[in-house]
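Some notes on the structure that comes next.
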Amino acid sequence: MLVLPESERLVDATVEQFHDVRAIGAGPMIGKVALASQDGGLMEPGAQVMLQRGDLVLAYTVAGPEALASIVDHPEVAAHAAGHRRTGVNLASLALTALRSEDVRGRAMQAPYPRLRALLRAIGDAPYEADESRDIRFCLPDEDGRERWLRLDEIQLPPTTPAAWPHS
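Following this note's numbering, the numbering of the sequence shown begins with 88 at its first residue and continues without gaps.
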């Protein structure tokens with residue numbers, strides 16, 4: 088699950104792995120929630136967030152930092168890390184194509200995320216397609232002006248652009 092604290096949003100792109108949720112056919116879960124605790128920090132581990140999808144109520148439990156380590160360090164996750172990263176790059180690419188649409192782009196460019204704005208400027212209205220490996224690629228000019236099909240993580244951004252997570 089992706090947490091966007093400044094937007095008070097939770098995004099669960101995997102929610103349709105559950106049959107009853109998939110039957111509704113609404114795609115990823117995006118829910119607006121108050122993520123702050125009473126002391127101004129993020130919600131405490133163990134707190135629950137309830138979101139409605141159709142007739143279903145989905146309950147999410149906030150996990151602590153030890154949960155991240157147990158997931159990231161798990162041998163099965165480590166064995167498939169490259170595939171998970173590739174999937175994430177493709178998901179981000181599709182999200183950017185949605186955010187660059189005429190009715191959304193202006194708001195997206197005002198978001199307080201310099202990397203998002205740099206990526207939107209970089210891809211502009213470039214055509215995109217899935218290649219034979221099903222990677223989303225954008226047709227952009229390289230440094231010599233020749234058009235190349237690039238994955239999102241291959242696009243050169245200005246050096247002042249903040250690094251992608253994890254920040255080094």
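Using N, Cα and C, we set each Cβ at its ideal position, and we do this for glycine too.
Remember, it's a predicted structure, so these values are computed and weren't measured experimentally.
Beta-carbon gap between Val120 and Glu103 smaller than 8 Å: No, they are not a contact pair.
Within 10 angstroms of the Cβ of Leu143, are there 16 or more other Cβ atoms? Answer buried if so, exposed if not. Leu143 is exposed by the Cβ-count criterion.
With the cut-off set at 8 Å, would you say Arg187 and Leu207 are in Cβ contact? Yes; because the gap between Cβ atoms is below 8 Å, this pair is in contact.
Go ahead and pull the three-state DSSP assignment for Asp240. Secondary structure of Asp240 (DSSP, three-state): helix.
Excluding the 5 residues preceding and the 5 following Ala185 in the sequence, name in chain order all residues of the same chain whose CB lies nearer than 8 Å to its CB. Excluding sequence neighbours, Ala185 sits near Val191.
If distances are taken between C-alpha atoms only, which option among Pro214, Ala251 and Arg140 comes closest to Leu181? For the residues Pro214, Ala251 and Arg140, the minimum Cα distance to Leu181 belongs to Pro214.
Taking Val90 and Leu97 to be in contact with their CB atoms under 8 Å, please state how far apart those CB atoms are, rounded to whole angstroms. Yes, Val90 and Leu97 are in contact; Cβ-Cβ is about 6 Å, under 8 Å.
So Val176 and Asp218 are in contact, right, with Cβ under 8 Å, and what is the actual spacing, rounded? The Cβ separation is near 12 Å, so there is no contact.
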